[in-house]
Structure formats: C-alpha cells, structure tokens
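Sequential numbering from 0 applies to the sequence shown in numbering that gives the first Met the number 0.
For glycine and all other residues, C-beta sits at the position ideal for the given N, C-alpha and C.
Computed from a prediction, not measured in an experiment: that's the story for all the values here.
See below for the structure under consideration.
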Amino acid sequence: MQVLEVQVEQNVFTRNIISQLNNSNPELYSLFPVTSEDKLLKLEEAITDLNRQAVKKTIKSLLTPQGITKNLKYILSSEIVNAYNIDGVQGKTSRFKIFFSVLTDSIDVTTNSGTPDHQLRDAFRLQKKKDFLRTNALQKLKT
C-alpha cells in the first residue's frame, strides 16, 4: 500500500515538473543575450507586473548552475556590459532600472556569495576584465 502511495506522489511530482518546463516561455529565452541598446530598451519596456515573474524565472534559469559571475554573458553581451554601469558613474549610463531590478531579483544568495547587488557588480567587473584581456590578446597577435 505504501509503495503505491509513493508512486502516486512521484507521478504527481513528475507531472508538475513537466508542466513547468512546458510552461516556460521560449519567446523570453530568445531575448537573451541582450546584444544591443535597442534590444535592452525593448526588454525594459516589455517587462510588466504581469510578466515580471516569468522574466525573472527565465533569467534565473540562464544563470543556473554557476551563478551570475560566470553566466552574465548569457544575459548581457560584452558590448552592453562595457557601455553600462549599475550606478551610472564614470560617464557610463544607468537607464534600465526595471531590467536591472529584475536581474538583481534573479540572483541567488548563498552564505558566501554576498548580496545580489554585490554579485552583480562583481559579475560586471569580471566580464569587463575578460573582455579587456581578450581584446589586448588579439591586439598583441595582430602586431
């Protein structure tokens, strides 16, 4: 009797997982990575209270399992990261408050990782550094 109950629970659990996967919106996945300011502006305008959770879920799935510091490239291209700044300092812009709010809300917090804001700043810094090192290496190869 207990085996049947466990099997029924597992079937319900499996169906829930499958329905969640089927309910994921492929249109949202096609928006990433954001490669231009126009695309970022369209995404900013498209985020509403109705779809905020879906966008957050999509971003969270793109960041899994390694987190924001390793997977920011799947959300924002290097061009966007280099052109924007979270605070809008040093001549860089910070226009997309809604998008960055959703992005920050999508970041998982663990005991060693720090706040989502701190993780996002680190991810921006690391992606900018990687891009700088990559462009310098290419320039050295050309000369």
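Compute the beta-carbon to beta-carbon distance between residue i and residue j, rounded to the nearest angstrom, for a pair I have assumed lies under 8 Å.
{"i": "S76", "j": "V33", "result": "6 Å"}
{"i": "V80", "j": "Q126", "result": "5 Å"}
{"i": "L39", "j": "A122", "result": "That pair is no contact at about 16 Å."}
Please name the residue, chosen from the options, that lies closest to residue i on a Cα-to-Cα basis.
{"i": "N24", "options": "L119, L140, N50", "result": "N50"}
{"i": "L30", "options": "E8, Q65, L61", "result": "L61"}
{"i": "N84", "options": "R120, L39, L27", "result": "R120"}
{"i": "P64", "options": "E36, D48, S105", "result": "S105"}
{"i": "S35", "options": "F95, N111, Q138", "result": "F95"}
{"i": "I46", "options": "F99, Q138, Y73, I67", "result": "F99"}
So residue i is in the alpha helix (DSSP H); what residue range does that whole segment cover?
{"i": "P115", "result": "115-141"}
{"i": "Y28", "result": "25-28"}
{"i": "R51", "result": "51-62"}
{"i": "N81", "result": "77-82"}
{"i": "D37", "result": "36-45"}
With DSSP as the reference, label residue i as helix, strand or coil.
{"i": "V101", "result": "helix"}
{"i": "S112", "result": "coil"}
{"i": "L71", "result": "helix"}
{"i": "N21", "result": "Because the pLDDT of N21 is 49, which lies under 50, any placement of that residue in the model is unreliable, and the number read from its coordinates should be weighed accordingly. Correct three-state label for N21: helix."}
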